[in-house]
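Since the structure comes first, as structure tokens, the remarks are kept for the end.
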Amino acid sequence: MENLMLLLIGIPLIGFALSLLVAERNEGLLSKLAFGTLVSQLLVLLLFLGLWMANGASPLNIKELSLYADDQYTFLLDFLFDRIAAVYLFTGGFIVMLVTLYSRYYLHREQGYKRFFNTVLFFYSGYTMVVLAGNFETLFIGWEMLGIASFLLIAFYRDRYLPVKNAIKVFSVYRIGDVGLLLAMWMSHHLWHENITFLKLSQYDVVHHQLESHSWIGVFISLMLLLTAAAKSAQLPFSSWLPRAMEGPTPSSAIFYGSLSVHIGAFLLMRTWHFWEHQTSIRVLIAVVGITTSLVASSIARVQSSVKTQVAYSSMAQIGLIFVEIALGLELLALVHFAGNAFLRTYQLLVSPSVVSYLIRDQFYHFEARRKTWEDYLPKKLDYALYMLSIQEWKLEGLMYRSWWNPMKRLGRRLQSWNVRRVLLVFVPVYAIGLLLSVNREFIPEFLHQNLPLLYSIFAVLVVMKAFAERRDTLLAWMLVVLNHCLIALAISFNEHFSSSHIYLYLSGILIPGAAGWWLLQRIKRKENPGLDHFHGYAARYPRMAFVFLLLCLSLSGFPISPTFVGEDLIFSHIRSNQALIAGLSALSFILNGLAVIRIYARVFMGPRAGRFYYRSA
Amino acid sequence: MKLNSSNHASLGAFDDEKTLQELRHYLPAQAPLKDFIHHNTLHAFQDKSFFAALRMASDSLGYDTQLSIREFRKLYQQGKIREDILRNQVRKNFPGADSVRWMHNMLEKSYPEKAFPAIGQLRMHWKKSAGIDLNSMVHPILFRLLCSYLDQGIAIRAFPAHEKGFLASVRQMERNSYVSFFQTKEIRQRFVDGDIQISSLLQQLVGEERWFERYLFDQQFAHPGWSGMVATIESHPHTLLDLRKINLHDLVCLELLLELDAVVAKFGSHFKPLAQHLSQEPEPLWPDTQPEERDLVLMCFQEALEWSYFDEVLAGMQQQLKRQEPQQGASFQALFCIDDRECSLRRHVEQLDPHCVTYGTPGFFGVEFYFQPQGGKFYTKLCPAPMKPNYLIKETTGKPELKRDAHFTKRTHGLLGGWLISQTLGFWAALRLFWNILRPGLSPATASSLRHMNEVAELSVEHLDKSMRENGLQIGFTVAEMCQRVEQLLKSIGLVKEFAPLVYVVGHGASSVNNPHYSAYDCGACSGRPGSVNARVFSFMANHPEVRKQLSGRGIHIPETTRFISALHDTTRDDIVFYDESGLPNSHLKLHLKNADVFLEALDRNAKERSRRLELVESKISPEAIHEKMRRRSVSLFEPRPELNHATNALCVVGRRALSRHLFLDRRSFLNSYDYRLDASGDALYGILKAVAPVCGGINLEYYFSRVDNAKLGAGSKLPHNVMGLIGVANGADGDLRPGLPAQMIEVHDPLRLLIVVEAPVSRVSEVIQRDAATHEWFHNAWVHLVVLEPETGSLFRYTEAGFESYKVITTQVASLSQMEALFEQVKDNLPVYQIL
């Protein structure tokens, strides 16, 4: 059984790895490989399901791989199979299989045929990882993979303006969700003092006992989970990203935003249900978020005049209802609803181009000028207001900017006078002092010792804000991202009981890619100066360099291919539960530096080629 | 319209109506999807000569109007541009110059990339100097408003006010609402009851009057898709089934208000207008430039590419003149559409039955009318788009066949409906999808050529009494009107005697699924609809005893034993349907069944020939097996290329079939039958050229421009397309409409201008093309090539700016071919001209 389960996780990963090796032009092999991967996983799944049900269908947990361990800390991979995983895995596998079969022909001759199948397999590996995850750490790995895969598929047409712009937009919302998860993990470390498995979370007495004495911690964790789930499932107030993600080829929009990716938030809630089922306030809150989203999203869906956005908002409204069902404890209903909604929206998106001939023909025979709808019976003023609000998507798109990103940018722009030399001039002595102090902790006065982590965290946030808002100097932005990591590491190292090997682990994933990225950017700069105020589209000219740089960016932003990833979790585990401010600042740093890095990649390598005339909105 | 382009900006006084008129002229003119009709994408420049127009469109509006030098050089290396032809072009274009040096320049010298175009150079200072990105703030809401207002039936809740026009409706909502489209109170107030004249809005936003016109060009050409759609609907409101009042003025006005709103929200009401942000004067929009060396090189390459193929074709045709006319007594005759997709089918039919004779003519068969099927609530125009028919043909029996698909129902988008449906129909969708991917088949989602008309319904072709009128249209044609149309058509194609017992009239249409551009696949001469009704109407007329009687009075004797039969050829599926077979006498029925077999086998072979360009279809199997695959392809959801449509078109032959019957033209030629011996006055030729130049030329140039700049003149890849309001496609949620052809339609097309070959005495052609200024423009400005082949002398004359010049072919040998099938299995690329043995 356990081996079979590992096979379920391994097959997509192997498929993905193999797909990287296939030649660009070999369409047949690429699509067959993808299809084969999906079919074999489905077969294994069916076999596994049979065995599992024969054994009583009780949740199955395997605690297997330890990615990192020392006396203070272990990073464990852990897997869980139960009813929720079964439904999600089967639905996902079936849809992705259909989509790979569909795309074999649909994407024929398209530039980026290989990129597409690579990314779909990568997405699916992440999806499997999330669905079968047995603890938060494992889930987080898959979570990050989904985020990157979404970014890459939305920006599939990387030489156009809007896809890249929207990919960054969606990524930034995802990033907020990631932080929710990271903070939930941080708190749960302090709550359980271990990598708690989901299976253990479902044991009533364990959870109940712990939460009795730490009720605010419980509320905090639940809130963070809700934040993460809402961001990923496009619930309020994050909703407006979903229609904007429809920039890739139709099949990828179908799997991501019609069906699978967007239901993952609901999955997270079901997965952690036992944790928050006794927190009535949280259940009410989840239901309120769900029902409000449903109402708002369906009012927006009613006025959509383009097919794909109409499907996006209808799907979102249904997910709101699924949230409500989960909050009510109707897990089975939620699962059925998920699968049905996923299938329906996939189909609707895939046949969406047919709508023209179908509806025009239908209209030709059944035309009725202005069919009445219930809104016609409202007072005029209310009717107009509702319509205008819905057309503007309840102004949600602007809300995120006004309340969140713009203030950050404004703050960052305050630091205009910074340049590479000045930053180093300040940074080197400040950091040196910090280092000196951290090794000689006994000489620090008590009040300073308490505030040093905070001071350095603030410095770290300022640095990364500047990186995020920088428009001219790419190298400066890149350097600031690296410095941000160093500062965070230093700030946390003032906490006691801290082994320096953790710092090395963390920084090893930063400094090497940091230096390599610097070198690559220097090389480009020698030819042309890539500022960050517009796109340059170098991926068209230097595809290999673009790929390498993407890997560097990922490892710099703590993606699970570098030690930084484990390090990040580990660094968080050293923040004490009473250092909420530091945790908050570190989380903010984490959001912003991921964004700054992806923005550098997008500006330099993606978008329309510099020096070429293009339509922004085409 | 002629435009004096040199001094727009300097004139000073701003006249908004004049500026809007100019904008309408330059904006894309593509109609909504259901009426997609090919036209010259750069129609606005047609009063200039071709290469001057390309340069102007490129320098001013930023279009790539030719292949790049790199692409041309690659074509040269591949042998698609012949060396001898290229040398010849160099000698011709640079007379007296050092041709060796020029050849070197053509092939080796590196030329700088084009500088930025003039368009956008003024308005970009909002972003560059003032630091505000107006496009990102205004486009999304503007596009949404336009799309919602014009929407033809996607949204469940329609735009709540629409009676008084776009701007008035938005204003009405803005007046009676708790919320606003504007961020600032100031601009909202101005919109609701202030001065919103374009000139006063521009005064506040731009500041200096001399920039007003330029500003509007920059603004509208930042989203040519939506602007062009609005301008087109303004001039053809009936292209929408659900009528909407809208005009460019309203769009410009609202856009200016939204821009003002964004600027005021950012800088406050006392902001600096754009004119004060200009660090340098933008260059004029229409600069007066001379061709540079780079332009000459490109021109040379373009012509060399074209004549590399044309020269072979002309050499082949010259040889055909020596052939004997086919012997008398045809087994049957068949009229096809002029369409290049019928070129190969005709060849296969003729090969299978060497005694048959085929003709080509525009596929509306000279009968122009509106059509209304049973139960239809609208009229459909079935003739070339510029014509305005006075006639209506109705289905008088039968009932509409309309299947529905629950997955398209709007209930799935409601909250409760969606809840119920997703848990029930949702699972059905999974099975449907699974099944459709494994075994594609016809479904309600398919746009099928057969559903255009009920196969067995009767049509009201004859106008029997004066009361038969509806909405200002006459129902049916009188005998005299029928007679006139039949005579005109038969004379123009040269079929006036020796009628066979059966004469087929074959219209064409196409079936496809998941294809918003479906109407571009149908018959262009029927306004983007299948030609089945026209074929039936024409056959009815030609079979009418009274018509025949009158015809014989005019010298056309159709024997009583001759029957006309109509049919429809589905070009994606390569299927044929015959209409009204039941009316045939027994003797004819037998003959017909024999001929039908010929058609069916020819269609198998045609499918095989078509498959050679498709990489994913195995070409080495039998024609029948390939045909089955091609049929399946036409109903596959995942197939973005149901057929390749007009791709690779390059020729149009106006002359007797004898000229092309034994030439392999690779489905690249429009074929219009014409017998110069029956047309001393040139009237028939005049009628043909008047239609052929804009129709075939329009198709050809739309393919040309979509191919050379698929990003700005074409629609880009169709894979990410999102259908907007049933009228157009855009990328993603916030994109501009994308007129032009998608990448999947043009990727195998080599951008050659059309060559029209006319078989007639040169003096007659010379006189005929002068008769109509609009037609003459096509030839004179070289938007299409024209060559006359004199049948008596066998000499060729090429039309240039200076008039007809003698043309000597360079190709000495045209290869012969007896076995075509092997060729179809081996070669995917364009094939040269062959003589068929």
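From first to last, the protein sequence lines stand for chains A and B.
Per the numbering used here, the first sequence starts with residue 26, numbered consecutively.
Per the numbering used here, the second sequence starts with residue 405, numbered consecutively.
Every residue, glycine too, gets a C-beta built ideally from N, C-alpha and C.
Computed from a prediction, not measured in an experiment: that's the story for all the values here.
By the Cβ rule, the stretch 234 to 252 of chain A does not count as touching the stretch 318 to 333 of chain A, because fewer than three pairs are nearer than 8 Å.
Under DSSP, the beta-bridge partners assigned to L85 of chain A are A:F106. Rounded to whole angstroms, G40 of chain A and G632 of chain A show a C-alpha spacing of 29 Å.
When Cβ pairs closer than 8 Å are counted between the two stretches, the stretch 421 to 429 of chain A is seen not to touch the stretch 332 to 346 of chain A, the count staying below three. In this structure, DSSP gives G151 of chain A a helical state, which the three-state scheme calls helix. Nearest neighbour of A82 of chain A by Cα position, chosen from A:V112, A:F100 and A:L90, turns out to be A:V112. The beta carbons of E1209 of chain B and G1059 of chain B sit no closer together than 9 Å. Note: N1126 of chain B is bridge-paired with B:A1134 in the DSSP secondary-structure output. Across the structure, V1112 of chain B and D468 of chain B are spaced so that their CA atoms are roughly 6 Å apart.
Within its own chain, the residues whose Cβ lies closer than 6 Å to the Cβ of M210 of chain A, once the five positions on either side in sequence are excluded, are F161, listed in chain order. When DSSP assignments are scanned along the stretch 299 to 331 of chain A, the uninterrupted stretches of alpha helix (DSSP H) that are 4 or more residues long and fall wholly within it turn out to be 305 to 328.
If you ignore the 5 residues before and after N1126 of chain B, its C-beta comes within less than 8 Å of the C-beta of V1133, A1134, N1135, G1136, A1137 and G1139, all in its own chain and listed in chain order.
Below the 7 Å Cβ cutoff, chain B contributes G830, F831, A833 and A834 as neighbours of F368 of chain A, in chain order. Across the set A:S428, A:Q343 and A:E393, the C-alpha of A:Q343 shows the shortest separation from the C-alpha of R370 of chain A. Assignment of E567 of chain B by DSSP, reduced to helix, strand and coil, places it in the coil class. By the Cβ test, the stretch 845 to 858 of chain B is not in contact with the stretch 866 to 874 of chain B, since fewer than three Cβ pairs between them sit closer than 8 Å.
Interface with chain B (9 Å Cβ-Cβ cutoff): Y127 of chain A is included. By the criterion of a C-beta distance shorter than 6 Å, H527 of chain A is surrounded in its chain by L595, once the five residues flanking it on both sides are discounted. For the pair of segments examined, the stretch 385 to 395 of chain A was found to touch the stretch 778 to 788 of chain B: the number of CB pairs separated by less than 8 Å reaches three. Rounded to whole angstroms, the separation of the alpha carbons of A59 of chain A and L74 of chain A is 22 Å.
E1047 of chain B is positioned such that its CB atom lies closer than 9 Å to that of T976 of chain B. Here DSSP, grouped into helix, strand and coil, assigns H508 of chain B to helix.
Look at the stretch 324 to 357 of chain A: the residues with a C-beta under 7 Å from a C-beta of chain B are A326, R327, V328, Q329, S330, S331, V332, K333, T334, Q335, S339, A342, Q343 and L346. For W690 of chain B, the closest alpha carbon among the candidates B:Q482, B:I825, B:S464 and B:I602 is that of B:S464. Think of a sphere of 9 Å around the beta carbon of T398 of chain A: the chain B residues whose beta carbon falls inside it are I560, R561 and A562, in chain order. DSSP lists B:Q878 as the beta-bridge partner residues of R873 of chain B. At a cut-off of 9 Å between beta carbons, I825 of chain B contacts chain A. By the rule that beta-carbons nearer than 9 Å mark a contact, F196 of chain A does not touch chain B.
Residues of the stretch 1010 to 1042 of chain B that bring their beta carbon within less than 8 Å of a beta carbon in chain A comprise E1019, L1020, S1040, L1041 and F1042, in sequence order. Between the alpha carbons of L1235 of chain B and L1221 of chain B lies a gap of roughly 12 Å. Looking at A:F300, A:R296 and A:I201, the one whose alpha-carbon comes closest to that of S247 of chain A is A:F300. In the three-state DSSP reduction, N1076 of chain B falls in the strand class (E or B). The distance from the Cβ of F768 of chain B to that of P790 of chain B is about 12 Å, inconsistent with a contact at the 8 Å cut-off. A distance of 9 Å or more separates the beta carbons of L661 of chain B and R751 of chain B. Here W443 of chain A is buried. Its C-beta has 16 or more other C-beta atoms within 10 Å. With a minimum length of 3 residues, the unbroken runs of beta strand (DSSP E) contained wholly in the stretch 891 to 931 of chain B fall at 906 to 913.
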